[in-house]
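Colleague:
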Amino acid sequence: MTSPLVSIRGLEKRFDLSGNLLEQITFEGGRFRRKQEAVHAINGVDLDVQRGEALCVVGESGCGKSTVARTVMGLLSPSGGEIHYDGQRIDNLDGKDALPYRRKMQMIFQNPYASLNPRMTIQQTLEEPIRFHHPDWSDIEVRDKIHEVMHSVGIDPDWGSRFGHEFSGGQRQRIAIARALAVDPEFIVADEPISALDVSIQAQVLNLLMDAQESRGLTYLFITHDLAVVEHFGTRVAVMYLGRVCELADTATLFATPRHPYTQALLSAIPKLEDDRPNHIRLQGEVPTPVNLPSGCVFHGRCPYANERCRAEVPELIATDEGARVACHAVEEGRL
Amino acid sequence: MALLEVKNLDARFAVRGGDLTALRGISFSLDKGERLGLVGESGAGKSVAAFSILNLIAKPGYIADGQILFEGRDLAAMSERELRGIRGNRIAMIFQDPMMTLNPVLTIGTQMVEAIQAHRKISKKEARAIALDRLQKVQIPSPEKRLDQYPHELSGGMRQRVIIAIALLLDPEIIIADEPTTALDVTIQAEIMDLLLNLCEQENVALMLITHDLGVVSQVTQRMLVMYSGRIIEQGPTREIINDAQHPYTQGLINALPQMGEPGDRLFQIPGAMPSLKNVPKGCPFHPRCRFATEQCKHSMPEYVRSGNVDVACYEVANLIEQERQMQEAES
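Top line first, the protein sequences correspond to chains A and B.
In terms of the numbering used here, the first sequence opens at residue 267 and continues consecutively.
In terms of the numbering used here, the second sequence opens at residue 4 and continues consecutively.
#1: With burial defined as no fewer than 16 other Cβ atoms inside 10 Å of the residue's Cβ, what is the status of H290/B: buried or exposed?
#2: According to the Cβ coordinates, are A504/A and V323/A closer than 8 angstroms?
#3: Along chain A, in chain order, which residues have C-beta atoms closer than 9 angstroms to that of E44/B?
#4: Going by DSSP, what residues sit across from I412/A in a beta bridge?
#5: With distance defined between alpha-carbon atoms, name the residue in I467/A, D450/A, E452/A, G426/A nearest to Q219/A.
#6: Is K331/A close to chain B? Criterion is C-beta to C-beta, closer than 8 angstroms.
#7: Apart from the five residues on each side of it in sequence, which residues of its chain come closer than 6 angstroms, Cβ to Cβ, to L277/A?
#8: Determine the direct distance from the alpha carbon of G311/B to that of T241/B, and round the result to whole angstroms.
#9: Counting pairs of Cβ atoms below 8 angstroms between the region 204 to 221 of chain B and the region 40 to 50 of chain B, do you hit three or more?
#10: Please name the residue, chosen from F31/B, T24/B, F16/B, that lies closest to V9/B on a Cα-to-Cα basis.
#11: Would you list the residues sitting across from N309/A in a DSSP beta bridge?
#12: V495/A touches chain B at which residues, Cβ-Cβ below 9 angstroms?
#13: Taking the alpha helix (DSSP H) that S381/A falls in, what are its first and last residues?
#14: Looking at the unbroken beta strand (DSSP E) that takes in D422/A, where does it start and where does it end?
#15: Is the region 272 to 286 of chain B close to the region 43 to 52 of chain B, with three or more CB pairs under 8 angstroms?
#16: With DSSP as the reference, label N11/B as helix, strand or coil.
#17: Sorted by chain position, which residues of the same chain lie with C-beta nearer than 7 angstroms to V315/A's C-beta, five sequence neighbours on each side aside?
#18: Mind pulling the alpha helix (DSSP H) runs of 4 or more residues that sit fully within the region 565 to 590 of chain A?
#19: Cα separation between L171/B and N358/A?
#20: As a quick exercise: from D516/A, I454/A, E432/A, pick the residue whose alpha carbon is nearest that of L382/A.
#21: When you compare only the Cα positions, how much space is there between I318/A and G483/A?
#22: Which one of V455/A, H400/A, L474/A, P378/A has the shortest CA to CA distance from D268/B?
#23: Would you please verify whether the beta carbon of A531/A is less than 8 angstroms from any beta carbon of chain B?
#24: Going by CA-CA distance only, name the one from P266/B, C317/B, Q152/B that's closest to C287/B.
#25: If contact means a Cβ-Cβ distance below 7 angstroms, which residues of the region 417 to 450 of chain A contact chain B?
#26: From what residue to what residue does the alpha helix (DSSP H) around V495/A run?
#27: Taking a contact to mean a Cβ-Cβ separation below 8 angstroms, would you say R575/A touches H595/A in this structure?
#28: Kindly indicate which three-state DSSP category P274/B falls into: helix, strand or coil?
#29: Helix, strand or coil, according to DSSP, for H350/A in the structure here?
#30: Closer than 7 angstroms to a non-hydrogen atom of the ligand ADP - does that hold for the CB of A596/A?
#31: Return the CA-CA distance between G509/A and I412/A, expressed in angstroms with no decimal places.
#32: Using a Cβ-Cβ distance cut-off of 8 angstroms, determine whether I167/B contacts chain A.
#33: What is the rounded straight-line gap between the Cα of L532/A and the Cα of P570/A?
#34: Identify the residues that DSSP records as bridge partners of G239/B: which are they?
#35: Pull up the distance between the alpha-carbon of T110/B and that of S158/B, whole angstroms please.
#36: Helix, strand or coil for M339/A? Go by DSSP, reduced to three states.
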């Protein structure tokens with residue numbers, strides 16, 4: 267197997283909640299105590315993104331999927347672990363050293379109403395990254411590039427002098443995609459790029475992303491909560507729960523034979539057109555807070571198959587017969 | 004007689020430079036205990052349609068024409084005072100964002116008791132007992148404790164359960180639910196939808212469910228109506244429409260879903276986007292995006308035709324039906 271384009275090793279990210287030293291100190295039972303609290307957003311994630319694939323990360327709010335995206339892009343610095351791009355460790359680079367990777371890696375955000383600068387015309391929005399990464403390009407080269415990307419996302423190049431607010435949500439997301447494509451990236455991180463859009467517009471933008479992947483040979487890390495989109499778009503899927511990957515598999519394998527109890531529940535919860543009634547697997551309770559993580563398997567509190575071992579020991583990802591990787595003691599022991 | 008009958012409803016927004024028509028000629032009915040889905044993309048007018056039933060469209064919006072008959076009385080012609088006796092009492096509403104609906108500075112119990120006492124002359128203690136009963140019905144864990152908690156102490160899914168409990172407080176005839184699960188996660192969404200469906204069946208409450216999610220409509224409702232640019236373009240039994248949509252827009256909406264395509268293939272896409280109210284195209288509002296549009300579609304709005312049990316407003320469908328009829332005539 268060829269080496270992965272992006273590889274994430276033992277990634278951890280904590281967000282400190284307790285503030286400065288004075289705010290941490292409390293007076294309890296006649297003694298001063300120092301109390302530190304943190305949100306454990308990612309707790310040891312290993313993922314490889316292969317060249318040319320679309321790796322989808324799915325999960326519910328608070329599972330850490332967006333934090334993974336942001337940490338990979340260098341928008342957040344990891345609390346532990348490493349990120350490698352094309353064999354080179356990038357999470358500890360800064361300034362000049364990181365620059366070439368910033369061109370190769372681009373991001374598309376969820377809300378195109380927030381991600382475009384309202385005071386910049388479309389021309390300026392697209393010009394900025396090109397000028398930044400290619401200071402030596404002539405005006406004509408820059409203009410041609412802008413025309414090329416606008417054309418490829420289906421926005422009329424004559425609209426360059428308009429502002430973001432003059433466009434609809436779908437068109438804005440096209441412009442955001444054009445901005446990412448303007449510097450010819452290899453790798454695109456898309457964080458819920460279609461969730462803010464209407465159904466008919468979602469299809470347009472998904473088609474656009476698939477076309478761009480084909481014509482430019484892009485690799486995607488695609489973050490979403492929508493499993494129907496994953497089934498259509500993803501090469502492989504990683505299901506996350508409370509900051510850990512609980513199942514990683516080829517899209518077809520995951521949808522045909524989901525192994526992890528959480529994946530099964532998640533898949534059963536998608537409302538399908540052929541259903542006459544909701545028929546989903548019921549989970550007990552709700553997602554625990556990532557401030558106080560449960561011991562053992564993070565899912566044990568809601569899992570119908572949990573036993574003593576699940577409550578004590580953290581499950582590792584192990585390979586299954588179908589070629590998937592599942593972090594579940596019940597699957598490992600053959601109970602499930 | 005239908006429980007609720009909306010006839011030729013027009014709603015407009017008075018803005019500078021003339022009125023914008025948000026709803027045009029909306030007619031539908033809802034029977035006792037029936038579940039009806041309102042489907043459409045943002046800007047289609049589905050929320051305005053639901054809100055105008057209780058005359059909840061805020062100024063500059065107003066109901067320009069039409070009747071809203073609830074048990075034979077016209078809600079559109081009622082005074083604000085009379086309407087208040089119906090809102091929350093006979094017809095309850097559930098909104099999208101539970102945090103916006105609940106008052107953050109009052110406990111759940113206070114808010115529920117207040118709602119009951121606004122409509123019924125009973126003691127606080129009796130009201131609290133009703134509140135507790137409804138919280139049990141929506142299967143909230145430790146309901147007694149919840150009465151004394153504030154909304155911020157509950158999770159999103161639990162807040163939406165509280166909202167459903169509040170909607171059920173006064174045994175309404177109709178619940179209007181506007182995207183009740185859109186703000187929630189998939190697994191929580193499935194549970195809330197399941198709960199709402201079971202409660203409506205148990206209590207024989209009619210449900211008007213506004214949503215953009217065709218999967219949810221298919222699971223929960225018996226009849227559905229599809230809106231586009233302020234008009235109903237197709238309405239009929241849910242199963243019939245999902246399996247065999249007649250209007251090109253409904254067909255497009257269904258075919259654009261990722262679950263309809265083969266993995267990896269391009270998705271079916273409707274070109275363009277919904278027009279804004281400021282420049283609704285003449286004729287059929289869908290014609291600029293429609294594959295079948297003809298000259299006729301550009302000039303006049305099609306009347307409803309019936310195909311099976313479904314009413315559709317589309318010239319193409321009307322022509323197909325007419326051709327079929329002629330062929331049958333020729334055969335016999």
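Note that beta-carbon positions come from the ideal geometry of N, C-alpha and C, so glycine has one too.
Modeller: Looking at the atomic coordinates:
#1: buried
#2: yes
#3: D464, V465, S466, I467
#4: Its beta-bridge partners do not exist; DSSP assigns none.
#5: Residue coverage of chain A in this structure runs from 267 to 602, which leaves residue 219/A outside it and unanswerable.
#6: no
#7: I308, V311, P344, G347
#8: 12 angstroms
#9: yes
#10: F31/B
#11: E278/A
#12: P261
#13: No alpha helix (DSSP H) holds S381/A; DSSP gives it neither H nor E.
#14: Counting along the chain, D422/A falls outside any beta strand (DSSP E), and DSSP gives it neither H nor E.
#15: yes
#16: strand
#17: P270, L271, V272, L321, T485, L487
#18: 574 to 578
#19: 56 angstroms
#20: E432/A
#21: Reading the sequence as shown, one finds Gly at residue 318/A and not Ile. Going from the Cα of G318/A to the Cα of G483/A covers about 6 angstroms.
#22: L474/A
#23: yes
#24: C317/B
#25: S434, G436
#26: 493 to 499
#27: yes
#28: coil
#29: strand
#30: Absent from the structure shown: the ligand ADP. Ligands present: none.
#31: 39 angstroms
#32: no
#33: 14 angstroms
#34: M227/B
#35: 15 angstroms
#36: helix
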